[in-house]
Each structure stands twice: as C-alpha cells, then as structure tokens.
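Going letter by letter, the sequence shown gives residues 49 to 646 in our numbering. Okay, structure first, notes after.
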Amino acid sequence: MTPPRELRGLARWTTRPRVLGSCVGVVLALVHIHLSHTLPKEGRLPLSILGVCALALFLGLGGLRDGRALRTLIALGEGRLPSTPEHLRRALQEVAAMPGVGFWFALQGWLGGTVLVAVSFPLLAHVPWTEGLRVVLMGLSLGPLSSMLVYLMLVRRSRVTLERLVAEGLSPLEVLAALPPRRMHIRRRLVVFTAVAVLSPSLFILDVAFTRTVAVVDAWAQATTPQEREAILVRAREGEGAPLGLLAGLVTVLILGTAALGGTALSEPLRAITEDATRIARGEVRPPRVILAEDEVWATSAAFTQMQVQLVQALSQLRKAGIQISATTEQLVATSTEQEVGADEQAGALNATSATTEQLARSAQQIADNAESVSAIAETTFGAAQAGQRGATAFLGAMQRMKHDNEAIADAVVRLNKRVQQIGKVVEFINEIADKSDLLALNAELEGTKAGEVGRGFSLVAAEMRRLAENVIRSTKEIEGLIGEIRDATNAAVMATEAGLKTTELGTLLAAQVDDSLGLILELARQTSHAVRSISLATLQQQTGTDQLAAAMGDILRVTEQNAAATKQMVAANADLSTLAHDLQHVVERFHVEAGEG
C-alpha cells in the first residue's frame with residue numbers, strides 16, 4: 049500500500065523539536081560548566097561526558113516513546129494502514145496529545161538525567177558530594193525551561209501535522225468530534241510558564257552567584273596580605289565578567305525565545321479566528337476551516353468552527369428560503385388578488401343565489417300546496433278507478449249473459465228456420481194436392497155437366513171443390529210468400545244473431561280488456577296515490593330544507609363577506625411579506641458563500 053506523500057516521515061518531523069529543545073538545554077548546561085569556572089577543573093570533562101550520555105539515553109528513550117505515542121501516524125506514513133476517516137481521527141488524537149506527552153517526558157528526562165548525573169558525578173570525578181547537589185540545582189534551573197521550549201516547539205509542529213491530517217479528507221465536524229475541547233489548562237500553563245521563566249534563571253544566577261561568592265570568600269580567608277586580598281577583589285570584579293555576561297545573555301535569549309514561541313502559540317489561532325471573523329463581518333463566508341489550538345483557545349476555535357458550519361448551512365438555507373419565500377409571496381400576492389376578485393364575484397353570486405334560494409323556498413311552498421292538491425286528486429282518481437273497475441266487472445258479466453242469450457236466440461232461429469223449411473215442404477205438398485184437387489174438380493165438373501141434371505149436384509160439388517182448391521192454392525201461395533218472408537227474416541235473424549254473437553264475443557273481450565286495464569289503472573292509481581303522498585311528504589321536507597338552505601345561504605353570504613374582507617387584509621399582508629422576503633434576500637446576499645472543494 050502506497051502511503052500519501054503528505055504523511056511520509058510526518059511523525060519524525062513532528063517530534064524533531066524534542067531533540068532540538070533538549071540539545072539546547074544540554075548545550076547551555078555545558079556552556080555553564082565551562083564558562084562559569086564554578087566547578088573544579090578536574091570535574092568539568094567527566095560532567096560534560098555524563099551530560100552527553102544522559103542526552104543520548106534521553107533521545108533513545110524518546111524515540112521509543114514517540115513510536116508508541118504516534119503509532120497510527122507512523123503506520124499511515126509507512127503505508128501499513130489506509131487513510132480511512134477512523135485511522136485519521138485516531139492519528140489526530142495522538143498528534144494532539146503529543147505536546148503534553150513531550151513536555152512531561154522532557155521534564156521527567158531532565159529530572160531523571162540530572163539525578164543520574166548528580167549521583168555518578170562525585171563518584172567518577174572524585175569531587176565532594178556538594179558538587180552533585182549543584183548539578184541537581186542546575187538541572188532544576190534548566191530542565192523546566194528546556195521542557196517548556198520543547199512543548200512550545202511541539203505545539204507548532206503538531207498544528208501543522210494536524211492540518212495535513214485534516215487535509216486528507218476529514219470534515220470540520222469530524223475533527224471536532226475527534227478532538228473535543230474538554231479540559232481548560234491555559235491559566236495553569238501560563239502560571240507554569242511564568243514560574244519557569246522567573247525561577248529557572250533565578251536559580252541559575254543564584255547558583256553562579258553563590259558559588260562565586262563562596263569561592264571569593266574562601267580565597268579572601270586564605271589570603272594573608274592586603275595585596276593578595278586586593279588582587280582577589282580585583283579578579284572577582286573583572287576576571288569573570290565576560291563569561292558570566294555571555295552565559296546570562298544565552299539564558300536571556302532562551303527565555304525570550306521561549307516567551308516568543310509561547311506568544312506565537314497563543315496569537316496564531318487568535319489571529320486566524322480574528323481574520324475569519326473579519327471576513328464574515330464583511331460578508332465573505334468561506335468554507336469552514338479548523339483553526340487548531342489548545343485549551344481555551346481550542347474551545348473558542350471549535351465553537352467558532354461550529355458557528356461557521358452552522359452559519360454556512362443557515363445562509364444556504366436562508367438564501368433558498370428567501371428565494372422560495374419571494375416566489376411564494378409573489379404567487380400569494382397574485383393568488384390573493386385573484387381570490388379578492390373571486391371573493392367579490394362569489395359575494396355577488398351568493399347574493400343572486402340567496403335570492404334564488406328564497407324564490408326556491410316560495411316555489412317549494414307552492415309545490416307543497418300543489419302536491420297536497422294532487423294528492424287529493426290522486427285519492428279521487430283512485431276511488432273513481434275502483435268504481436270504474438266495479439262497473440267494468442258488471443259490464444263484463446252483462447256482456448257474458450248477453451253472449452249466452454245471443455247464443456240461445458241463434459239456436460232458436462236456427463230451429464225456426466228448420467221448422468219454416470218443414471212448413472214450406474208441407475205447403476208445397478198441400479199446393480200439389482190443391483192442384484190435383486183442382487184438376488179433379490174440373491174433371492168432375494166436366495163430367496157432371498156431361499151428365500146433365502144428374503150430374504148437376506156433382507158439378508156443383510165439383511165447382512165448390514174447385515173453388516176451394518183454388519182458395520187453397522191462393523192460400524198456399526200466400527203461405528209460401530209468408531214462408532219466404534219468414535225464411536228471409538229468419539235468415540236475416542240468423543245472420544244478425546251471428547253478427548250479434550260475434551259482436552258480443554268482441555264486446556266480452558273488450559270488456560275483459562277494459563276490466564284488466566281498469567285493474568292496471570287501479571293499481572297505478574294506488575301507486576300514484578302512494579307516490580303523491582310520498583311526494584307531498586318530500587315536498588314538505590324540501591320546504592323545510594329549503595328554508596334551512598335559505599338561512600344557511602344567508603350565513604354563507606355573511607361569512608363570504610367576512611372572507612372578502614379577510615382576503616383584502618391577506619393581500620395587504622402578502623404584500624408586506626413580499627417586501628420582507630426581498631429585504632431578507634438582500635440581507636442574505638450580503639454574505640458571499642464560497643463553495644468548498646468537491
């Protein structure tokens with residue numbers, strides 16, 4: 049796995065100030081050893097060797113300590129771990145803790161090395177044990193100052209390393225989640241720094257002054273002549289001035305450099321926060337960046353970063369909301385105007401509807417009255433239909449009886465016709481007898497005439513029989529005429545009877561149809577009566593509902609008038625809202641939000 053170029057060797061680069069700060073303190077201690085002339089000459093070289101050995105041991109142990117403290121960063125730089133957000137957050141936490149770890153490790157190293165050198169120095173250099181105490185005093189004076197220098201240099205390097213880790217793809221919120229501002233130690237650190245800046249050179253100067261004073265006093269006590277004492281005083285005033293001044297200057301430079309680093313460590317994040325705040329005040333909102341710091345400054349920076357993130361989100365939302373509100377308010381103004389016109393039209397329409405509803409109520413009253421009349425007429429019709437059905441039933445019975453009578457008459461006429469025909473035959477037979485009697489009477493009269501007086505009586509009888517035969521013939525002819533007339537009359541009667549029978553049958557059928565029709569009419573009249581009663585009840589209910597509708601339309605008309613007034617107020621409110629939306633948009637446009645990378 050190929051590591052990112054920005055992370056290669058970043059762990060060694062971050063911890064390098066620890067080596068530099070420790071070396072500065074050891075070099076200053078060596079300069080003090082060789083320039084102050086407060087140590088025995090025979091002990092300066094062994095003490096220098098012990099100091100260098102202690103420095104080497106400290107640097108070796110520090111390398112092991114750094115490897116454990118920055119193991120994730122080292123693995124990322126060597127490519128043994130991928131640059132995932134989780135690994136980057138873990139590396140952030142390690143690097144953020146590095147200055148404090150470096151300070152305490154340097155301080156412990158100075159104290160431990162000083163004790164080790166103080167114990168070993170009298171044994172190796174064969175000097176009094178009080179010289180070991182002076183070594184401890186020197187370590188106490190230079191150790192805290194050197195450790196503070198290491199801490200401040202590590203702070204600068206750690207911030208740069210943290211920025212490179214953040215640039216690998218961590219968002220500001222992820223950084224804040226990985227490095228929450230929990231403990232506030234800036235006051236304690238300032239107190240410690242002030243104490244170190246004041247006490248370290250004081251102890252250093254106290255050691256030199258005390259040692260020089262003791263040496264001068266010892267030499268003064270050992271001098272026997274005034275000239276020797278005068279020479280000791282002159283040598284004490286002038287002989288060691290330059291080396292001690294150089295040593296004091298180096299200590300002062302170290303203190304001033306440490307103070308400068310401390311001031312820079314405090315001022316850099318504050319300056320960056322001030323610059324970002326100034327840009328925001330001018331309306332230039334850039335993508336939020338993490339301004340790395342420590343203690344209370346880091347809490348301020350974290351809060352400022354969160355504020356920037358929320359400000360960018362709020363400005364984006366406000367810009368979108370302003371545009372949307374502007375468009376919505378314009379649409380609302382247009383809609384409200386249309387609603388105002390529609391409300392006026394609706395009020396007019398409701399006025400017309402209210403009048404129509406009142407007219408409808410009056411019409412409903414008339415309909416209710418007419419429905420009652422129609423209900424009475426329907427009841428009358430139903431009664432008439434019942435009477436008609438009863439009459440039709442009676443008429444149907446009469447027609448059926450007439451049909452039976454006509455059938456009996458037809459049978460009687462047929463029998464009469466048969467009897468007339470029989471009488472005709474009898475009359476024809478009589479007529480034949482009369483003709484034969486007339487011929488016999490004529491022959492008898494002729495024979496009587498031929499017989500003379502004897503036959504006169506026979507002739508008279510024959511003449512009478514002849515007259516009788518003629519009368520019979522005339523009567524039979526009249527009877528035949530009557531029979532013909534009777535035959536014609538019976539034929540006409542038969543025909544009339546058959547026509548009457550047919551007419552009676554047709555009348556019976558029509559009477560049955562009329563009875564069925566009247567039954568249907570009766571049923572329809574019954575249904576009509578029920579329907580008319582239902583219509584009458586519905587009409588009464590409709591009248592009640594229409595009255596209620598008229599009252600409701602009056603209420604709706606009043607509410608519509610109130611809505612029209614409210615719509616006019618809403619038009620004015622929407623116009624004000626549109627003005628506010630434009631003002632909001634102008635305010636948001638003062639801030640120029642720059643888009644982030646990607």
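Just so you know, even glycine gets a beta-carbon here, dropped at the ideal spot from N, CA and C.
Host alpha helix (DSSP H) of residue i (start-end)
| i | result |
| --- | --- |
| HIS135 | 133-173 |
| GLU216 | From DSSP, GLU216 is part of no alpha helix (DSSP H); its letter is neither H nor E. |
| GLY91 | 89-117 |
Proximal residues to residue i (C-beta, below 8 angstroms), its chain only, five neighbours per side dropped
| i | result |
| --- | --- |
| GLU54 | ARG212, ALA215, GLU216 |
| VAL345 | ILE234, LEU314, PRO317, LEU318 |
| LEU105 | GLY161 |
| LEU155 | GLY191, PRO192, SER195 |
| LEU107 | VAL67, SER70 |
| THR50 | GLY127 |
| TRP177 | PRO170 |
| GLU142 | ALA117, LEU118, ARG119, THR120, LEU121 |
Proximity test, residue i beta-carbon vs the ligand ADP heavy atom, cut-off 7 angstroms
| i | result |
| --- | --- |
| GLU427 | As for the ligand ADP, it is missing from this structure, which has no ligand bound. |
Same chain, Cβ closer than 7 angstroms to residue i, neighbours up to 5 away in sequence not counted
| i | result |
| --- | --- |
| GLU518 | ASP486 |
| ALA482 | ALA517, VAL520, ILE521, THR524 |
| LEU58 | LEU121, GLY125, THR209, ARG212 |
| PRO52 | SER131, GLU216 |
| ILE81 | LEU87, ARG92, LEU95, SER96 |
| ASP624 | none |
| ALA267 | ILE280 |
| PHE647 | The displayed coordinates of the chain run from 49 to 646. Any statement about residue 647 would go beyond what the structure contains. |
| SER248 | SER189, LEU190, PRO192, LEU193 |
| ALA271 | ARG277, ILE280 |
| LEU490 | ARG514 |
Nearest-angstrom Cβ-Cβ length linking residue i and residue j, presumed shorter than 8 angstroms
| i | j | result |
| --- | --- | --- |
| SER195 | ALA144 | About 19 angstroms separates the two Cβ atoms, so there is no contact after all. |
| GLU90 | ALA166 | Contact doesn't hold; Cβ gap of about 17 angstroms is too wide. |
| VAL198 | GLY331 | Contact flag wrong, Cβ pair sits at about 43 angstroms. |
| VAL454 | THR545 | It is worth fixing the name first, because residue 454 is Asn in this sequence and not Val. With a Cβ gap of about 6 angstroms, ASN454 and THR545 count as contacting. |
| MET201 | ALA77 | Not quite, the Cβ-Cβ distance comes to about 18 angstroms (not below 8 angstroms), so this is no contact. |
| ILE527 | VAL475 | 5 angstroms |
| GLU342 | VAL203 | 7 angstroms |
| PRO335 | GLU222 | With 8 angstroms as the limit, PRO335 and GLU222 do not qualify as a contact, their Cβ atoms being about 14 angstroms apart. |
| LYS451 | GLU553 | 6 angstroms |
| LEU668 | THR353 | Residue 668 lies beyond the stretch modelled for the chain, which goes from 49 to 646, so this question has no answer here. |
| ILE471 | ILE531 | 6 angstroms |
| LEU218 | VAL79 | Between VAL79 and LEU218 the Cβ distance is about 45 angstroms, and since that is not below 8 angstroms, they are no contact. |
| VAL647 | VAL184 | Nothing about residue 647 can be reported from this structure: the residues present for the chain run from 49 to 646 only. |
Cβ shell of residue i (< 6 angstroms), same chain only, five flanking positions each side left out
| i | result |
| --- | --- |
| VAL74 | GLY99, LEU103 |
| PRO229 | TRP346, ALA347, ALA350 |
| ALA123 | LEU129 |
| ARG337 | none |
| ARG449 | none |
| ARG137 | ALA226 |
| GLY646 | Caution is warranted here: a pLDDT of 33 is assigned to GLY646, below 50, making its placement in the model unreliable, and the coordinate value is therefore given only provisionally. Excluding residues within five positions, none has a Cβ falling inside 6 angstroms. |
| ALA245 | ILE303 |
| ILE339 | PRO317, ALA320, ILE321, SER349 |
| THR497 | SER507 |
| GLY157 | PHE106 |
| PRO147 | TYR199, LEU202, VAL203, SER206 |
C-beta neighbour in chain E for residue i, strict 8 angstroms
| i | result |
| --- | --- |
| ALA511 | Looking at the structure shown, chain E is missing, and only one protein chain is on hand. |
Determine contact between the stretch 456-476 and the stretch 509-521, defined as no fewer than three beta-carbon pairs at a distance below 8 angstroms. Inter-segment contact for the stretch 456-476 and the stretch 509-521 is absent: fewer than three beta-carbon pairs are separated by less than 8 angstroms.
Does the stretch 62-75 come into contact with the stretch 109-118, if we say contact requires no fewer than three beta-carbon pairs (one atom in each stretch) closer than 8 angstroms? They touch, by the three-pair rule.
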